[in-house]
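Colleague: What follows is a single structure, and I will ask about it in a moment.
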Amino acid sequence: MRNLSLSSTSETILGDSIASVTAIDLDKDAVYIASISEDATVIEIRKLDAADARHNAHASLLNVIEANVQRPTEITSFRFLPDSRKLILILSGGDMHSYSVETDEAEVEGSIEAGILSADWSPDDELLSLITGDEKLILMTSAFDVLSEAPLHTADYGEDAPINVGWGSKQTQFHGSLGKAAAHEKPATNVSSSPDDDQAPHISWRGDGSYFVVSAFFTPHDTGLPRRVLRVFDRHAKLQATMDPIPGLEHPLAWRPSGNLIASTQRFGFEGGGAGKSDRHDVVFFERNGLRHGEFSLRFKNTIDEGALARKWGYNVRDLAWSSDSSVLAVWIEHEKGDTVQLWTIGNYHWYLKHEIISPTWGYSHSRFTSMSWHPERSLCLHLTTHNHFVERTYTWDTSSSHSQPPNDTGSVAVIDGSKILLTPFRMQNVPPPMSSLQLDFAGKTSLYPVQVPVHTAFCVTKDILAVLWESGFVEIWSLNTRLEQGYGPVMKPSQARQIVAQEGLDNTLRLLILGVTDNGMDVLVDVSAEGGAVNAKAPQSIGTRSGRLITTDAVARDGSQPVARFPEFCFSAQLVSASDTSDRIIIGHAGPAKLYAAGHDRHVLLASNATSYTVGSGYIIFTTSAHECIFIPLSALPRLLEDAGKGRGKLPEWEKRRVERGSRIVVVVPSSMSLVLQMPRGNLETINPRPLVMEVVRQDIKRHNYRKAFLACRKHRIDFSVIVESNQQDFLENLPVFLEQVHEVDYINLFLTTISRGSLSPEVTTRVCDRVQELLSTTDLNKYVNAILTARVVKSPPDHEGALGLLPKLRSTNPELVEEAVKYVIFLVDAEKLFDIALGMYDFSLVLMIAQHAQKDPREYLPFLRELRALETNYQRFKIDDHLKRYTKALKNLSFGGGPYFDEAKAYIEKHQLHEAALAIWRNTDQYNTVLELYGDWLFERREFHQAAAAFVEATNLPKALVAYERALEWQELFDIAIQCDAKGEGIKDLAYRVAEELTSKKRHAEAATVLADYAKDTREAVIALVQGNYFAEAKRITSLHGRPELVKDVVHPGALESRSQLSDDLTEMRDQLRKQLNRIRELRIKKQEEPDAFYGVEDSNLANVDVMTDVSMAPTAFTRYTVAPSMASRASKISSRSKRKAERKIGSGRKGTVDEEEYLLNSITKLVARFQTVQREAHGLLPFLFQFSTEHREEGLELQKEVSEFEEELLATLEDIWAKPKTDPDNPDGSNGDTWATRMEEIEKRRLIEPTAKITKPDLRKGDWRLRLFDVTGK
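First residue of the sequence shown? That's 1 in the UniProt record's numbering, and the numbers climb one at a time after it.
Shown next as structure tokens:
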């Protein structure tokens, strides 16, 4: 669906000699032109740089070569060899000249006496194939060394000769009365060449240089009729295949660079020619093995002259040439009035005539082309030469599509095919090419157009109007009148309405802009306007140099100096867009084959470097990439992108994308139909509805309250209906009556409600919508919308099943005939068993029977149960129903309504289902409340919640049980308070105090134990002992002083202090031994990690690659066995118990020696040791003052203790610094890898990132705290 648009053209004037051929220097981007004088005695070589070609400068003369006047002189080949920097000139007389562009030296490389009829270089410039005058094929190197020389014509077919066993041939067929002799009769052959054949051999190489084909004139002995024969040779000049005789085959020859087709031409309608009409002229294709592979007919008017010896049909094909990317075939046609070059492309197995180039005219004489070739790298750059001009024409692919805005967008696309414009409005029809909805044929207007093929087409932005431009400058405007609604009749009714349209201006003025070029190569812009039937054209305005800037048409009219935006490189395709939140002009441009830019007034941003096609529509920039993705950039994001580009923040965000078929290109976007049309590489079309386009239209419809259209779009494209609510919840709820009025079908309402209940809406919003819908439908028409009302009740969160079932009895009283359908529908929505239970829980036996009957339940399953329930008293009946439904709290409440006779059963029910807290609420303010409280307390006591149990017993005034609960909870304050209230005295209180103190001591609550012993047991000695055990020496001394027991200081406190000091010393010794062992082990592990990393990390040894032993880690587990048809991975994985999983998790970091987790375990252990040492510091801080006070022995022990703690503190700090020190890096190898390859460095970095333990475990924070007693430091020196 693409057209070839002329991107640029330039003409260069040469000398007086006749330009014959060109050669290209890709390194210097220069063109060399070889010209021969009229008397064929002098050959001139000229050079044209790319800059000179753009400015239409004259080509500079490099050298003049004298031709051999004894031989006929024509240039057979002209080639630039980049390796030797030489131009190779091969003449038909047999001479081969070389000219060095570096040294300006020319010499004759060799000569062939028989002359050279044809010559061609391989694409890699390493081989030269020649056909001599004595019909020999010679293969040479670039140094002109002969590799092969053999006769051109041979009877052999070649190495790829097919094997024929006779199946399906004429010899195996039944011939009836003719007999078997008819099988051996040879068909009459009458194959000849075309009268327009130049009778010269031609050579063409395949793009990869592996093969070349030779088309040579040959006269067989059996017929005597000359004809063309195609032979395929390999790179070593060995014959591969000889093609069957083709009637009317002509001399043009071109092998497609991609390698799949060999192109030539064939004439029909004469003796020896192809069977067909005399005006038929085809371009035919062959495969490498000689088989025919399609054709297409040329479109050129014949002027048959039976008596003419040359150009019998008024024209002939001079040559064929493929573009370097194999996409365009150029056909050079000679006719009476000059020459024409046609450019053909293929799509969906149809050949399109995209462009025609006629030879220029000077005065009243017609000039002719002298050569035609494609640029070897710039795929759509065509080089042509005339007698004294060099012409370069650059083309680009362009999709001509309409960009009108909704609701008038038609999605029309215009495709040029010869003199026809193929039109398809994709909004109404998706017609696959090469077909179309409508064709505009200009074939009958040849008097107006020297060239029948239009050069460009354009659609009006605001109206359904098409402008068609010819290269001569003639323009036709067509009003297409496209039908926008579904219906009958043609989708288009085009009429030639105006002469000028491109933009609708003020006062209904229409304007057309035409970009052209003058004879001297200057770009000009012609501005034409039409108003009131009059056509006015302004004088052409010069644009200036092609610098990549974008300017407005008004600026051109003034001075052309005010750029709107500037791209960093030339962009042939550009489109103006506007963001919703800014008035600045932003222009999207596509440069070359892959770069997509967005440009503002003073900055630009590269949107993609792999964009293959793009378009703008529905508020998005849409483009496809070489990664086979379609990306959607919101237009609203462009101002921010340009702003970030100006600030140097060049990273682009992630946009919404979707995968597309390989090689897809965008044809057109149709916003109104939410569709994007893509074309595949073969040419077929695919229409998709991308989510961004659908969502944009849905949002616009919701904003305009066109809910039905939005709903149907969401339903068709599987969009969650939640977007209708989420776009503006308050507005939707307010306009819910409008929604229900537009979407009035019951099925649609049900679909909407069920979808939003499973969507992204919160349960609160879903409930609000359902309640509002139910309210509106109930007041509108209950009988019509009963199913929708049931849906609204069921799908809300939480579902109101009882409300839905409660609607059925009301409906039964007003409209009984609808009840059955309503019951069936609610059973469809909710499981029948669940509905049966819900109806039973409503205590409505008629409703239960209705559900059971329509759910087709077996009466034997439910009727006995219902009869048993009917026989019970009401409250007990409901208790049984709720118990059956496992609504235990509600069942207990119904049982309580039965009164005292059922209280014993209620107590058992409470114990059975642990309903104690619910029972407290039910029996509050009743005589049974204390009984329920005691049940609750006993239950808590059994659960070892002694504190809660004690509170329950106190509330129930059961103090004995409360006393036991407080004792078990060790809440001794409340315990002794209640004990005194219970009149416990003397030995009872003392025994209780000793028991509680013992329990508190076992829990390390020494201070509380001492208080109990001192206050309630009146045992000062035991109290002091408890305080000393807890290192509360100050409190112990206070107690002895308070109670007048000084002897306890020497008897209990002094020995206890020395015992505490001894315990701390033992702890320090144990911690020191652990620290040193673990430090040594960590050092060993780190040395092993550096010296043997593969053994440490368990990296696979590459030397074991060829070992054939099967192990459990050498292959990935498969999900299939030989005999299964379903995966077995799930069943195998399910066998792993949770116990095994927990066991495997415990192994990680268990610290087993020799594992990779050992170091991590050791670091965790040292971290715990630091926390333990901090506890020792706090204990030493409390003990040291008393060791200083008590005695000389105590003071010496205190001094020694402070010294031990200080020494271990220093050792521990040094160890932490050593372990958590950052590894030293090699300045030449900063990442710490052992090898110098990129893969090795990445592997080492990955190991360190994943396994380095110090990166996982934070270094412990150990500071020198103020735990010391400074007096020891002073007195100990």
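Ideal placement from N, C-alpha and C gives every residue a C-beta, glycine not left out.
Counting C-beta neighbours from all protein chains within 10 Å, is the total for Y349 16 or more, i.e. buried, or is it exposed?
Modeller: The residue is exposed, with fewer than 16 neighbouring Cβ atoms inside 10 Å.
Colleague: Under 8 Å by Cβ, that's how I've got L89 and Y99 pegged, so tell me the actual separation to the nearest angstrom.
Modeller: So it is a contact: roughly 7 Å between Cβ atoms.
Colleague: Rounded to whole angstroms, what is the Cα-Cα separation between L818 and P809?
Modeller: Roughly 11 Å separates the two Cα atoms.
Colleague: So, using beta-carbon positions, are L959 and L975 closer together than 8 Å?
Modeller: No; because the gap between Cβ atoms is not below 8 Å, this pair is not in contact.
Colleague: Within the same chain, show all residues whose beta-carbon is closer than 7 Å to that of K1259, passing over the 5 residues directly before and after it, in chain order.
Modeller: Same-chain partners within the cutoff: L1216 and W1220.
Colleague: Compute the Euclidean distance between the alpha carbons of G272 and S148, then round it to the nearest angstrom.
Modeller: Going by the C-alpha atoms only, they are around 34 Å apart.
Colleague: Taking only the alpha-carbon atoms, compute the straight-line gap between A278 and N3 and give it to the nearest angstrom.
Modeller: A small correction: the amino acid at residue 278 is Ser; Ala does not occupy that position in the sequence shown. About 31 Å.
Colleague: Looking only at its own chain, which residues have a Cβ that is under 6 Å from the Cβ of R206, when we skip the five neighbours before and after it?
Modeller: Same-chain partners within the cutoff: W255 and G259.
Colleague: Please classify W972: does DSSP put it in a helix, a strand, or coil?
Modeller: Of the three classes helix, strand and coil, the one that applies to W972 here is helix, per DSSP.
Colleague: Roughly how many whole angstroms lie between the Cα atoms of L866 and E734?
Modeller: Those two C-alpha atoms are separated by around 47 Å.
Colleague: Tell me where the beta strand (DSSP E) around W478 begins and ends.
Modeller: That run of the beta strand (DSSP E) goes V475 to S479.
Colleague: Is it right to say R231 is buried, meaning 16 or more other beta carbons lie within 10 angstroms of its own, or is it exposed?
Modeller: Flag for R231 reads buried.
Colleague: State the start and end residues of the unbroken alpha helix (DSSP H) segment that holds K716.
Modeller: Run containing K716: Y707 to H717, per the alpha helix (DSSP H) assignment.
Colleague: To which residues does DSSP link F897 through a beta bridge?
Modeller: Beta-bridge pairing links F897 to no other residue.
Colleague: Should V697 and P671 be called a contact, given that it needs their Cβ atoms to be closer than 8 Å?
Modeller: The answer is yes: Cβ separation under 8 Å.
Colleague: Helix, strand or coil, according to DSSP, for P151 in the structure here?
Modeller: Looking at P151 - three-state DSSP - the assignment turns out to be strand.
Colleague: Looking at the structure shown, is L249 part of a helix, part of a strand, or coil, going by DSSP?
Modeller: Strand, per DSSP.
Colleague: Identify the residues that DSSP records as bridge partners of A611: which are they?
Modeller: Paired residues: T625.
Colleague: Residues in the same chain with beta-carbon distance under 6 Å from H744, minus the five sequence neighbours each way, listed in chain order, please.
Modeller: Nothing meets the Cβ criterion.
Colleague: Are the CB atoms of E11 and H335 within a distance shorter than 8 Å?
Modeller: Their beta carbons are not under 8 Å apart, which means H335 does not touch E11 by this criterion.
Colleague: If you check the beta carbons only, do P432 and V415 fall under 8 Å apart?
Modeller: Against a cut-off of 8 Å, the Cβ pair of V415 and P432 comes out as no contact.
Colleague: Nearest by alpha-carbon distance to C571: which of D584, Y614 and I357 is it?
Modeller: Minimum Cα distance to C571 is reached at Y614.
Colleague: Can you find the residues in the same chain that come closer than 8 Å, C-beta to C-beta, to L1027, ignoring five residues on each side of it along the sequence?
Modeller: Excluding positions up to five away in sequence, the list reads H1006, A1007, A1010, F1033, E1035, A1036 and I1039.
Colleague: Assign F78 to one of two classes, buried (16 or more other C-beta atoms within 10 Å of its C-beta) or exposed (fewer than that).
Modeller: With 16 or more Cβ atoms within 10 Å of its Cβ, F78 is classed as buried.
Colleague: Considering only residues of the same chain and omitting the five flanking positions on each side of T103, which have a CB-CB separation below 8 Å?
Modeller: If we look at T103 and ignore the five residues flanking it on each side, it has no Cβ neighbours.
Colleague: So, with DSSP's three-state summary, where would you put F721?
Modeller: Three-state DSSP puts F721 in coil, outside helix and strand.
Colleague: For the stretch 1059 to 1071 against the stretch 1160 to 1168, do three or more pairs of beta-carbon atoms, one drawn from each stretch, fall closer than 8 Å, so that the two count as touching?
Modeller: Judged by Cβ distances under 8 Å, the stretch 1059 to 1071 makes no contact with the stretch 1160 to 1168, as fewer than three pairs qualify.
Colleague: So does the stretch 662 to 676 actually touch the stretch 399 to 408, counting three or more Cβ pairs closer than 8 Å?
Modeller: Touching, yes, given that three or more Cβ pairs across the two stretches are closer than 8 Å.
Colleague: Quick one: measure Cβ to Cβ for D720 and G663, integer angstroms, because I've assumed they're closer than 8 Å.
Modeller: Not a contact, Cβ separation roughly 32 Å.
Colleague: Pop quiz: A950 and N930 are said to be a contact at Cβ under 8 Å. What is the actual Cβ separation, rounded to whole angstroms?
Modeller: Contact doesn't hold; Cβ gap of about 15 Å is too wide.
Colleague: My assumption, with CB atoms under 8 Å, is that V773 sits in contact with L736. Please give the rounded CB distance.
Modeller: Contact holds; Cβ gap of about 7 Å.
Colleague: May I have the straight-line CA-CA distance separating R708 from Q742, to the nearest angstrom?
Modeller: Distance between the alpha carbons of R708 and Q742 is about 6 Å.
Colleague: Mind checking whether L885 and D837 have CB atoms under 8 Å apart?
Modeller: Yes, these two residues count as a Cβ contact at 8 Å.
Colleague: In three-state terms, what does DSSP make of residue 1281?
Modeller: Examination of residue 1281 is not possible in this model, given that the chain is present from 1 through 1277 alone.
Colleague: Does the stretch 1192 to 1209 come into contact with the stretch 1039 to 1052, if we say contact requires no fewer than three beta-carbon pairs (one atom in each stretch) closer than 8 Å?
Modeller: Result no; under three Cβ-Cβ pairs closer than 8 Å.
Colleague: Got a sec? Which residues, its chain only, sit under 7 Å from K651 by beta carbon, not counting five neighbours each side?
Modeller: Cβ neighbours of K651 beyond the five flanking positions: none.
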